[in-house]
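Some notes on the structure that comes next.
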Amino acid sequence: MRLLLSNDDGYFSPGLAALAMSLGDLGETLVCAPERDRSGASNSLTLDRPLSVREAPSGFFYVDGTPTDCIHLAATGLMSDLPDMVVSGINHGPNMGDDTIYSGTVAAATEGFLLGIPAIAISLASHNPVHFETAARVASDLVKRFQQDPFRGAVLLNVNVPDVPYESLKGIKVTRLGRRHKSAPVIRSANPRGDTIWWVGPIGKIADATTGTDFDAIANGFVSITPLSIDLTAHQQLEFIAEWVGV
34 MRLLLSNDDG YFSPGLAALA MSLGDLGETL VCAPERDRSG ASNSLTLDRP LSVREAPSGF
94 FYVDGTPTDC IHLAATGLMS DLPDMVVSGI NHGPNMGDDT IYSGTVAAAT EGFLLGIPAI
154 AISLASHNPV HFETAARVAS DLVKRFQQDP FRGAVLLNVN VPDVPYESLK GIKVTRLGRR
214 HKSAPVIRSA NPRGDTIWWV GPIGKIADAT TGTDFDAIAN GFVSITPLSI DLTAHQQLEF
274 IAEWVGV
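Residue numbers (the working numbering): 34 to 280.
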């Protein structure tokens, strides 16, 4: 089995190291990650300049680009054949609800999915993560299950894991994405030279954490697995918009 690993926190991330260690015995593993933290990069590709690839002492490759760049470059350039699975993570913090739109962790997995490769994005649901070994073991469990029972076609899974010892997990729930309220406004400030600068405001509070959502699963100690779709068409509005434009 050929595995391609990446993240958005950078090649030096302890979460990525834990993931690589956990999956290393399951097949041929290549790690290609950004050279620095690219959290929030979403699905951006670098098109205005060439990319550079270097190899760290750990054997991980790192790229001066985005998580999406890393997967695209590794899968179509560094590897002789497409991998059997892409695994992105372990993210430092949750990727649930609307956060998945911005997440570089999810974006790396999405790029694999768009290339026709089954993909998993895995995140540790704490902003001060401790139990990377728990998320790494969950990732290993899922990859082993895939080895025994492969998906029929490409599948994209968004996995969030409570930051607790593995033995304390309550189980697994297959969930839908919850929702957040809109983010806070930008924050105006000044740099030491007196120039105006702007900080993006904090994320919004949880708006939908009802039963069946990823937020609810994590709050109750369960691993959340959400299958994602990339069809952005609002199918329920097609007829309305056709009437609105008069066609």
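For glycine and all other residues, C-beta sits at the position ideal for the given N, C-alpha and C.
- Considering only N253, S72, L49, the residue with the shortest C-alpha distance to A242 is N253.
- Excluding residues up to 5 positions away in sequence, S55, Y199 lie with their Cβ nearer than 7 Å to the Cβ of R170 in the same chain.
- F94 sits in a strand when the DSSP states are folded into three classes.
- Nearest C-alpha to S136 among S46, D58, A74: A74.
- Per DSSP, W277 has no beta-bridge partner at all.
- Within the stretch 95-143, the alpha helix (DSSP H) runs of at least 4 residues that lie entirely inside it are, in chain order, 100-106, 132-135.
- Going by DSSP, P47 is part of the alpha helix (DSSP H) stretching over 47-56.
- Contact check for L202 against V256 passes: the beta carbons are separated by less than 9 Å.
- Around the beta-carbon of G126, 16 or more other beta-carbon atoms lie within 10 Å, marking it buried.
- In the three-state reduction of the DSSP assignment, E61 falls in the strand class.
- As the crow flies, the alpha-carbon of R82 is around 10 Å from that of G98.
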